[in-house]
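Participant: In the order they appear, the protein sequences are chains H and C.
Per this note's numbering, the very first residue in the first sequence carries number 261; after that it's consecutive.
Per this note's numbering, the very first residue in the second sequence carries number 261; after that it's consecutive.
Cβ coordinates follow ideal geometry from the N, Cα and C atoms, glycine included.
Number of protein chains: 2
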Amino acid sequence: MTTSEGDKLTDAQNELYAWIKNYMRDFQHSPSIRQMMQAMGLKSPAPIQSRLKHLQDKGYISWQEGKARTMQIIDEISGVVPIMGSVAAGGLIETYSDVNENLDLSEVLQKKDVFALTVNGDSMIDACIAHGDMVLMEPIKDSNSLRNGTIVSAMVPGLGTTLKYFFKRGGKIFLEAANPAYEPIELNFGDVIFQGKLLAVWRKV
Amino acid sequence: MTTSEGDKLTDAQNELYAWIKNYMRDFQHSPSIRQMMQAMGLKSPAPIQSRLKHLQDKGYISWQEGKARTMQIIDEISGVVPIMGSVAAGGLIETYSDVNENLDLSEVLQKKDVFALTVNGDSMIDACIAHGDMVLMEPIKDSNSLRNGTIVSAMVPGLGTTLKYFFKRGGKIFLEAANPAYEPIELNFGDVIFQGKLLAVWRKV
DNA sequence: TTGTCATAAAAACATTTGTACTCTAATACA
DNA sequence: TGTATTAGAGTACAAATGTTTTTATGACAA
């Protein structure tokens, strides 16, 4: 948790905070103090300032002093989901505990130039990447920095784009499937263009 | 695409647009015209005004007239990633095409009460859900509406919480693993509390 | 009661900011 | 070459906005 002990909000603070989050989600920019004033049914900006200061002290928001509409919400980035614990997928026994952490998808999504590919086929099935999955990829700047075992999307001229494990042995490059039914592809360095390396897998059911 | 034919941007417009998107991603609020002016290396706000007007005409941005820092980016919602095509995971041959679609994770995330669980174990491995994966779940309001074959997280009192395929046959409930090493669990209605059904799988590498 | 504290109102102020206007330089075109 | 067009500089101004100060109110404890 980024918020610690004494960070509980009063009702008024909480109401304001919730309203701000809604506003910023809808409009992609910060409201002005006078807008918040109206929304909270107040007739003076001072109470809003006070609540904002408290929200700032408790680590919920921040802003650039003196600048109009420059608020930022500290904690909640879009794409955050509470993790309610773990679940047995086997014989293990577990029960839901409280919320321990948040799953933050935006951490991956906000990387520069992330793109997605639809997976077509079953050659990566042993890596638990199935037909129809979406793979989120990050462009590869320096193909020399690729580590063995990384999953990459590689374009082999004349062969097309394929998702495989990357291995480098000797002067050769090997692209290996995660499925014994498929043979490794052996290539020389200039024969392949790496388009991206795997960041995450997304499957919607 | 929401943008149509004559919506191509000039270099200057494109540079500004890219800068705005970055700024708004980083700061969660709109920049001011004078900030953009500086960022573009200009010494007068007029050119920025002109470019903004063009961006607005072409449907890329909007703002509230006269209000400070009220810009909105029209197209890009957070949690949206461009899909660059599909990739072969097998023998298929495919090449990257243009951007066809966007992958919108927020569609799932914005459902009410979505929560995540860490998968512990390998009993769902044949459904391509591996140890360490995060499963995004939706609370189940009405357990009668559950369809056979749905993946659910179920709490069996005395046994814990487990991720399994749900089946209903006769008056009985069966919870089946996606791994032949595990036996199905047979239960009566009432002996089990369903906590959620699977919406999506997320794996960060 | 009295004093303290938190909250709200009201008013005033300085800065930030969007917008409009004029002028100049560069560019394209006939 | 001359003219039209466009982009940018410079300036000015009114509105929006954050901030400060002063005062009033109510709750609550000493």
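1) What residues in its chain sit with their C-beta under 6 Å from that of T270(C), if we drop five residues either side in the sequence?
2) Along the beta strand (DSSP E) that carries H311(H), what are the first and last residues, could you check?
3) In or out: R294(H) buried (at least 16 other Cβ within 10 Å) or exposed?
4) Can a CB atom of chain H be found closer than 8 Å to the CB of R329(C)?
5) So, is the C-beta of H289(C) closer than 8 Å to a C-beta in chain H?
6) DSSP on S405(H), reduced to helix/strand/coil?
7) Could you tell me whether the Cβ of V412(H) comes closer than 8 Å to any Cβ of chain C?
8) I want to see whether chain C comes within less than 8 Å of L406(H), judged by CB atoms only; does it?
9) Which residues bound the alpha helix (DSSP H) around W279(C)?
10) Would you call S304(C) buried or exposed, if buried means 16 or more other Cβ atoms sit within 10 Å of its Cβ?
11) Quick one: what does DSSP say Q324(C) is sitting in, helix, strand or coil?
12) For chain C, is any of its Cβ atoms less than 8 Å away from the one on D451(H)?
13) Which whole-angstrom value describes the C-beta separation of A390(C) and K464(H), a residue pair presumed to lie in contact below a C-beta threshold of 8 Å?
14) In whole angstroms, what is the alpha-carbon distance linking W323(H) and I334(H)?
15) Applying a beta-carbon distance threshold of less than 7 Å, which residues of chain H neighbour K318(C)?
16) Measuring CB atoms only, is the region 432-445 of chain H touching the region 437-453 of chain C, in the sense that at least three cross pairs come out at less than 8 Å?
17) Would you kindly check if the distance between the Cβ of K457(H) and the Cβ of M397(H) is under 8 Å?
18) Indicate whether at least one CB of chain C lies closer than 8 Å to the CB of L458(H).
19) Using the Cα positions of A306(H) and H314(H), report the straight-line distance between them to the nearest angstrom.
20) Report the residue from P399(C), D386(C), C388(C) whose alpha carbon sits nearest the alpha carbon of V368(C).
21) Using C-beta distances below 6 Å, list every residue in its chain close to S383(C), excluding the 5 sequence neighbours before and after it, in chain order.
22) So with Cβ pairs under 8 Å, would you call Q273(H) a contact of chain C?
23) Shorter than 8 Å from the beta carbon of I293(H) to some beta carbon of chain C?
24) Step through the CB atoms of chain C and report whether any lies within less than 8 Å of the CB of Q332(H).
25) Going by C-alpha to C-alpha distance, which of S403(C), P291(C), N380(C), N282(C) sits closest to T421(C)?
26) Look at I385(C) and A414(C) and say whether their C-beta atoms are less than 8 Å apart.
27) Which runs of the beta strand (DSSP E) at least 3 residues long sit entirely within the region 407-447 of chain C? Give them in chain order.
28) Return the bridge partner residues of P399(H) from the DSSP annotation.
29) Taking the alpha helix (DSSP H) that V368(H) falls in, what are its first and last residues?
30) Are F426(H) and N404(H) close, meaning C-beta to C-beta below 8 Å?
31) Helix, strand or coil for R294(H)? Go by DSSP, reduced to three states.
32) Does the beta-carbon of A278(H) have 16 or more other beta-carbons within 10 angstroms, so that it is buried, or is it exposed?
33) Would you tell me roughly how many angstroms separate the C-alpha atoms of S292(H) and V395(H), rounded to the nearest one?
34) Using the C-alpha atoms, what's the distance from T330(C) back to G392(H)?
35) Taking its Cβ as the centre, do 16 or more other Cβ atoms sit within 10 Å of K424(H), making it buried, or is it exposed?
Facilitator: Quick look at the numbers:
1) So no residue of the chain qualifies.
2) Position check: residue 311(H) holds Arg in this sequence, whereas His was assumed. For R311(H), no beta strand (DSSP E) encloses it; the enclosing alpha helix (DSSP H) starts and ends at 306-317.
3) Result: exposed.
4) Yes, R329(C) lies at the interface with chain H (some Cβ there is under 8 Å from its Cβ).
5) Yes, contact with chain H.
6) In the three-state scheme derived from DSSP, where H, G and I count as helix and E and B as strand, S405(H) is classed as helix.
7) For V412(H), the nearest beta carbon of chain C is not closer than 8 Å to its own beta carbon.
8) No, because no Cβ of chain C sits closer than 8 Å to the Cβ of L406(H).
9) In the DSSP assignment, W279(C) falls within the unbroken alpha helix (DSSP H) covering 271-287.
10) By the neighbour-count rule (16 or more Cβ atoms within 10 Å), S304(C) is not buried but exposed.
11) Under the three-state reduction of DSSP output, Q324(C) falls in the coil class, being neither helix nor strand.
12) Cβ-Cβ to chain C under 8 Å: no for D451(H).
13) The Cβ separation is near 17 Å, so there is no contact.
14) Going from the Cα of W323(H) to the Cα of I334(H) covers about 10 Å.
15) Near K318(C) there are no residues of chain H at all, since even the closest Cβ is about 18 Å away, more than 7 Å.
16) A contact is defined here as three or more CB-CB pairs under 8 Å, and the region 432-445 of chain H fails this definition with respect to the region 437-453 of chain C.
17) Taking 8 Å as the cut-off, the beta carbon of M397(H) is found closer than this to the beta carbon of K457(H).
18) Interface residue, yes.
19) If you take the alpha carbons of A306(H) and H314(H), they lie about 13 Å apart.
20) Looking at the Cα atoms, P399(C) is the closest of the given residues.
21) These residues qualify, in order along the chain: A437, N439, Y442.
22) For Q273(H), the answer is no, since every Cβ of chain C falls outside 8 Å of its Cβ.
23) Cβ-Cβ to chain C under 8 Å: no for I293(H).
24) Yes, Q332(H) lies at the interface with chain C (some Cβ there is under 8 Å from its Cβ).
25) Answer by Cα proximity: N380(C).
26) No, the pair does not count as a contact, with Cβ atoms beyond the cut-off.
27) Here the runs fully enclosed are 411-416, 420-429, 432-436.
28) Looking at the DSSP output, P399(H) sits in a beta bridge with G456(H).
29) First-last of the alpha helix (DSSP H) with V368(H): 366-369.
30) Contact flag unset, no.
31) Helix, per DSSP.
32) A278(H) is exposed by the Cβ-count criterion.
33) Those two C-alpha atoms are separated by around 40 Å.
34) Looking at the two C-alpha atoms, the distance is approximately 39 Å.
35) Under this definition K424(H) is a buried residue.
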